[in-house]
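Quick notes on the structure that follows.
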Ligand code: GLU
């Protein structure tokens, strides 16, 4: 049987919260249950928002929880570095491959042009690029480049791309209509998540990606990139999001759902046991270590709709 490699790929823009922990736990259980390996990759491309200290703290928090990994920033491994800000040469070479296929073009649109109220929107609220820079002539590009450095976009076809998600089932998009030409590099030179995540998951031998349902809509774009770059895509499992008791999406600003507040008052097994119970794969809220949760874990038990946290968690 082909060996399984799972991963956690957090963006350390704050202290981890229960949603991130559920993500790590599910990725860990899903891979370990198949005898697989786990990679930790720090997604800090937005270096201004992801200072190093948060990444260090994140590793400490994950170790405290007992969610150990086989390859990662401090443990090392053959496929590092495991920090995206140190992998830009790989993204550049993938970008060159796409450029070589004639699929990349510079986009000079300003933020306000992109977010104009007339711009079509995706179901997830993001705007679909209208294509203003899609067919600029070389002379127009040279002219615009005098005053503005461009972002780079991938020209997408009128084709349906999608995924048979291991948990949420089929998700498909007609790229040209429902997604639009998407960013590969921002105008300030920062590589886009969509490109970096594909390059890294492939280079790190990842065979299964477990992440929140908010990223399901990124999957068609990513599969198209795997195809263009000649890479083998992993299996995908998207899980429902954790919501605050009032029904909002959890964010790193929700202090009481963050580990800052929790580490002082509860044991790691209490956090994991309770989360696993809320996510359907611990029969009671009884405290449990990750190894013990392996016995009951089954994707079939995980709900398919968002999970609201109770008012009082502990
Ligand atoms: N770094 C992303 C995040 O923290 C996750 C990316 C992924 O799992 O593909 O939201």
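Residue numbers (this note's numbering): 10 to 323. Cβ coordinates follow ideal geometry from the N, Cα and C atoms, glycine included. These numbers come from a predicted model, not from an experiment.
Practice problem: Excluding the 5 residues preceding and the 5 following residue 151 in the sequence, name in chain order all residues of the same chain whose CB lies nearer than 6 angstroms to its CB. | Solution: In the chain shown, residue 151 corresponds to position 142, counting from 1. Take residue 151, set aside five residues on each side of it, and no residue of its chain has a beta-carbon closer than 6 angstroms to its own.
Exercise. May I ask you to report which of helix, strand or coil DSSP gives residue 137?
Key: On the chain shown, residue 137 is found 128 positions in, with the first residue counted as 1. It is coil, neither helix nor strand.
Practice problem: Verify the contact flag: residue 288, CB atom, against every heavy atom of the ligand GLU, threshold strictly below 7 angstroms. | Solution: Translated into positions along the chain shown, residue 288 becomes position 279. Between the ligand GLU and the CB of residue 288, the shortest heavy atom gap is not smaller than 7 angstroms.
Quiz item: Roughly how many angstroms separate the alpha carbons of residue 146 and residue 157, rounded to a whole number?
Solution: Along the chain shown, one-based indexing puts residue 146 at 137. Along the chain shown, one-based indexing puts residue 157 at 148. Residue 146 and residue 157 have their C-alpha atoms spaced approximately 16 angstroms apart.
Quiz item: Taking only runs of the beta strand (DSSP E) that begin and end inside the stretch 17-55, which ones reach a length of at least 3 residues, in chain order?
Solution: Qualifying beta strand (DSSP E) stretches, in chain order: 46-49.
Quiz item: Just reading off the beta strand (DSSP E) that residue 187 is part of, what are its end residues?
Solution: Counting from one through the chain shown, the residue named residue 187 turns up at place 178. Counting along the chain, residue 187 sits inside no beta strand (DSSP E), nor does DSSP assign it H or E at all.
Quiz item: Thinking C-alpha only, which one of 200, 301, 43, 283 is nearest residue 293?
Solution: As a working mapping, residue 293 is identified with position 284 in the chain shown. For the options 200, 301, 43, 283, the alpha carbon positioned closest to that of residue 293 is the one of 283.
Quiz item: Any idea what DSSP makes of residue 305, helix, strand or coil?
Solution: Locating residue 305 in the chain shown gives position 296, where the first residue counts as 1. Note: residue 305 maps to coil in three-state DSSP.
Quiz item: Is it the case that the Cβ atoms of residue 298 and residue 281 are separated by a distance below 8 angstroms?
Solution: Looking up residue 298 in the chain shown gives position 289. Looking up residue 281 in the chain shown gives position 272. Residue 281 is positioned such that its CB atom lies closer than 8 angstroms to that of residue 298.
Self-check item: Chain-order list of residues whose beta-carbon lies under 7 angstroms from that of residue 45 (same chain, five-residue window excluded)
Solution: As a working note, residue 45 is residue 36 in the chain shown. Excluding residues within five positions, the ones whose Cβ falls inside 7 angstroms are 12, 13, 14, 15.
Practice problem: Determine the direct distance from the alpha carbon of residue 77 to that of residue 358, and round the result to whole angstroms. | Solution: Beyond the ends of the chain as shown, which are 10 and 323, falls residue 358; an answer cannot be given.
Quiz item: How about residue 224: is its Cβ closer than 7 angstroms to a heavy atom in the ligand GLU?
Solution: As a working mapping, residue 224 is identified with position 215 in the chain shown. Yes, the ligand GLU has a heavy atom inside 7 angstroms of this Cβ.
Exercise. To the nearest angstrom, report how far apart residue 189 and residue 97 are at their CA atoms.
Key: Here the question's residue 189 lines up with position 180 in the chain shown. Here the question's residue 97 lines up with position 88 in the chain shown. Our two residues, residue 189 and residue 97, have alpha carbons roughly 25 angstroms apart in a direct line.
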